[in-house]
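The structure appears right after this line, and notes come after that.
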Amino acid sequence: MARSFLKMQDISADELNKIFGIIKSRKGEIEKRKGLKVLQNKVVGLLFEKPSTRTRTSFEAATDRLGGSAIYLPSSEMQLKRGEPIKDTARILGSYLDGLVARVFGHQDVVDLAQYAGMPIINGLSDMEHPTQVVCDLYTVLEVRKKLKGLTMTYIGDGDNMCNSLYVGCAMVGMNMNAACPPGYKPDEATLEKAREIAKKTGAKLNLYDHPQEAAPGTDVFYTDVWVSMGDEAEKDARMKAFQGYQINADLLKLANAGASVMHCLPAHRGLEITDDVIEGPQSIVWQQGANKMYGAAGILEFFLG
Ligand code: CP
Ligand code: NVA
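Using our numbering, the letters of the sequence shown correspond one by one to residues 16 to 321.
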């Protein structure tokens, strides 16, 4: 079976560092618009069951900039929509393509793709994890703060795919992580257990709280995500109530270390999980974070497909 990137824990800390090194080199080259040939003769598919602005465009652009070519495959326009099994789709796509970035509802879909496609599958977001985002995010923290080990990230909001992948990613690089998630919206217990196992080796301290004010002291980097993830729309009313107060705002920043950075994977909902003044303010590194998705995609593609 080809090597895939379905969960953050699929790569080791050393490999993550190696990917950071590739991202740094490729970023410099791509910024200078150097014609790269890393993915020459490689065709990458992008199978998306959900909408995307950043992940789709960054992986397509990165593929092109590395000298390969990309094909966007929205599942709504494929036979998948009419019930063709994912394992049949996987075997056929695997005979045409060199790798596939897949954004799915149920995580099992990327597991099935990886089992049957015979090519690397990159998880471009599932209900369980968003690992490529975390690679870009940690790279961005490294760029801004010049280190990762010993810093403290505090995540506010839903214990969702982002929160799961961040716990494992932070544990791998020795970053402490606090999360404040309302009761009933905690991160996946098995993923958290995996993160705790990794943290034992790296010294990262992982904490889980109920309230943002408990989690904020000592924070170097705040992170938040939407209250209603793709696929959770039916729960919107209950979620809008449960997440009241789970917001990064000026009052929360006052509880953290001076100059704490603020991150958001985007899309953002101003006035809900983050205030406009904070996302647009001097502590926000959100736009650098978003821009780095293309360089992160380049690093991940080169590592798995190059
Ligand atoms: N952050 C992120 O994954 O954005 P998209 O949904 O636009 O891809
Ligand atoms: N948790 C969000 C992340 C969006 C990038 C979702 O799954 O919709």
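Using N, Cα and C, we set each Cβ at its ideal position, and we do this for glycine too.
Three-state secondary structure (DSSP) of residue i
i, result
"Ile263", "strand"
"Ala214", "helix"
"His226", "coil"
"Val188", "helix"
"Tyr285", "According to the sequence displayed, residue 285 carries Arg and not Tyr. Residue state, collapsed to three classes: strand."
"Asn272", "coil"
"Ile171", "strand"
"Ala195", "strand"
"His279", "strand"
"Leu54", "coil"
"Tyr131", "helix"
"Ile34", "helix"
"Ser67", "coil"
"Ser27", "coil"
"Pro89", "strand"
"Gly305", "helix"
"Gly121", "coil"
"Ser73", "helix"
"Gly60", "strand"
"Pro202", "coil"
"Ser180", "helix"
"Glu99", "coil"
"Ala105", "helix"
"Glu248", "helix"
"Pro146", "helix"
"Arg160", "helix"
"Lys47", "coil"
"Val243", "coil"
"Ala231", "coil"
"Thr78", "helix"
Integer Cβ distance of residue i from residue j, believed to fall under 8 Å
i, j, result
"Ile315", "Ile137", "6 Å"
"Met177", "His145", "5 Å"
"Glu229", "Ala195", "7 Å"
"Asn264", "Gly233", "Not a contact, Cβ separation roughly 18 Å."
"Leu223", "Phe35", "Wrong, their Cβ atoms sit about 27 Å apart, outside the cutoff."
"Ser90", "Glu64", "4 Å"
"Asp203", "Met143", "7 Å"
"Tyr261", "Pro227", "6 Å"
"Gly139", "Phe74", "7 Å"
"Met16", "Ala117", "Not quite, the Cβ-Cβ distance comes to about 15 Å (not below 8 Å), so this is no contact."
"Arg285", "Asp235", "Arg285 to Asp235, Cβ: 23 Å. No contact."
"Thr155", "Gln303", "6 Å"
"Thr206", "Val183", "6 Å"
"Gly311", "Ile38", "6 Å"
According to DSSP, residues forming a beta bridge with residue i
i, result
"Ile137", "Phe20 and Val116"
"Pro315", "Note that residue 315 is Ile in the sequence shown, not Pro. Paired residue(s): none; Ile315 is not in a bridge."
"Tyr154", "Its beta-bridge partners do not exist; DSSP assigns none."
"Ser299", "Val277"
"Phe237", "Thr169 and Val277"
"Ser84", "Val58"
"Leu221", "Met192"
9 Å Cβ cutoff, residue i in contact with chain D
i, result
"Cys185", "Absent from the structure is chain D; it holds one protein chain and no more."
Proximity test, residue i beta-carbon vs the ligand GTP heavy atom, cut-off 8 Å
i, result
"Arg71", "The ligand content of the structure shown is limited to the ligand CP and the ligand NVA, which means the ligand GTP is not among them."
Inter-stretch contact (C-beta, 8 Å, three-pair minimum) for the stretch 93-112 and the stretch 68-81: Taking one beta carbon from each stretch, the stretch 93-112 and the stretch 68-81 have fewer than 3 pairs nearer than 8 Å; the two do not touch.
Three or more C-beta pairs below 8 Å linking the stretch 145-157 and the stretch 247-256: Between the stretch 145-157 and the stretch 247-256, the count of C-beta pairs closer than 8 Å stays below three; the two stretches do not touch.
The stretch 303-320 in contact with the stretch 26-37 per 3-pair CB rule at 8 Å: By the Cβ test, the stretch 303-320 is in contact with the stretch 26-37, since at least three Cβ pairs between them sit closer than 8 Å.
The stretch 178-198 / the stretch 119-127 touching (three or more Cβ pairs under 8 Å): no
Segment contact, 8 Å Cβ cut-off, at least three pairs: the stretch 43-58 with the stretch 78-96: yes
Contact between the stretch 44-52 and the stretch 270-288 (3+ Cβ pairs under 8 Å): no
Cβ contact check for the stretch 155-174 and the stretch 219-239: 3 or more pairs under 8 Å: yes
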